[in-house]
Amino acid sequence: MLVVGPCFRIHSAFHTRWATVNYKYVLHLLYNTPMRYFLYARKSTDVEDKQVMSIESQLAELRALAKREQLNVVEVFVEKKSAKMPGRPVFNEMMARIQKGEAQGIVCWKLDRLSRNPVDGGQIQWLLQNSVIADIKT
66 MLVVGPCFRI HSAFHTRWAT VNYKYVLHLL YNTPMRYFLY ARKSTDVEDK QVMSIESQLA
126 ELRALAKREQ LNVVEVFVEK KSAKMPGRPV FNEMMARIQK GEAQGIVCWK LDRLSRNPVD
186 GGQIQWLLQN SVIADIKT
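Residues in the sequence shown are numbered from 66 upward in steps of one, following this note's numbering.
Structure follows, in structure tokens:
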């Protein structure tokens with residue numbers, strides 16, 4: 066189980082070290098409520114040969130992953146803009162909605178689809194650390 070976020074700590078009788086557990090993830094497990102995910106696909110250019118996977122291919126793979134893992138995807142975000150500079154409107158809307166609590170997780174093809182600059186990367190790290198984002202699936 067992948068757990069992130071310093072929300073509370075548990076001690077295992079079998080291990081002498083402490084494990085950091087994300088409280089939102091634990092609450093979803095305890096109360097059997099489905100965690101909500103946003104699906105995010107990004108392509109930095111319209112030229113097909115510069116991109117490893119097209120948006121359509123990313124979406125197909127991500128939808129298959131969500132179906133296989135029975136993820137509750139509440140919305141799909143598609144962006145056609147480079148992530149090298151901050152200020153992507155679709156990404157910013159998705160992050161604002163995550164901060165409002167509309168979703169607790171993100172499904173993306175690769176982590177570099179989310180961010181390729183330190184500002185957006187730092188925002189994602191901060192939201193993970195503070196348990197606003199509970200899970201990122203790739």
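Note that beta-carbon positions come from the ideal geometry of N, C-alpha and C, so glycine has one too.
(request) Note down the Cα distance separating residue 192 from residue 198, rounded to an integer number of angstroms. (result) C-alpha separation (whole angstroms): 5 Å.
(request) Measure the alpha-carbon distance for residue 124 versus residue 141 and round it to whole angstroms. (result) In a straight line, the C-alpha of residue 124 is about 9 Å away from that of residue 141.
(message) Cutting at 6 Å between CB atoms, please list the residues of its own chain near residue 109, excluding the five before and the five after it.
(response) Close CB contacts of residue 109 within its chain, under the 6 Å cut and outside five residues either way in sequence, are with 147 (chain order).
(request) Express the C-alpha separation of residue 169 and residue 185 in angstroms, rounding to a whole number. (result) One C-alpha to the other measures close to 17 Å.
(request) Confirm, please, whether the CB-CB distance from residue 129 to residue 102 is below 8 Å. (result) The answer is no: Cβ separation not under 8 Å.
(message) By the DSSP assignment, the alpha helix (DSSP H) with residue 104 in it spans what residues?
(response) Taken as a continuous stretch (DSSP letters only), residue 104 belongs to no alpha helix (DSSP H), being part of the beta strand (DSSP E) at 101-107.
(request) Work out the CA separation of residue 201 and residue 152 for me, nearest whole Å. (result) Going by the C-alpha atoms only, they are around 21 Å apart.
(request) Would you give the residue range spanned by the alpha helix (DSSP H) that residue 157 belongs to? (result) Per DSSP, residue 157 is one residue of the alpha helix (DSSP H) stretching across 154-164.
(message) How far does the alpha helix (DSSP H) with residue 132 in it extend, from its first residue to its last?
(response) Membership of residue 132 in the alpha helix (DSSP H) is indicated by the continuous run 120-133.
(request) Leaving aside the five residues before and after residue 162 along the sequence, list all residues of the same chain whose C-beta is less than 6 Å from its C-beta, in chain order. (result) Excluding residues within five positions, none has a Cβ falling inside 6 Å.
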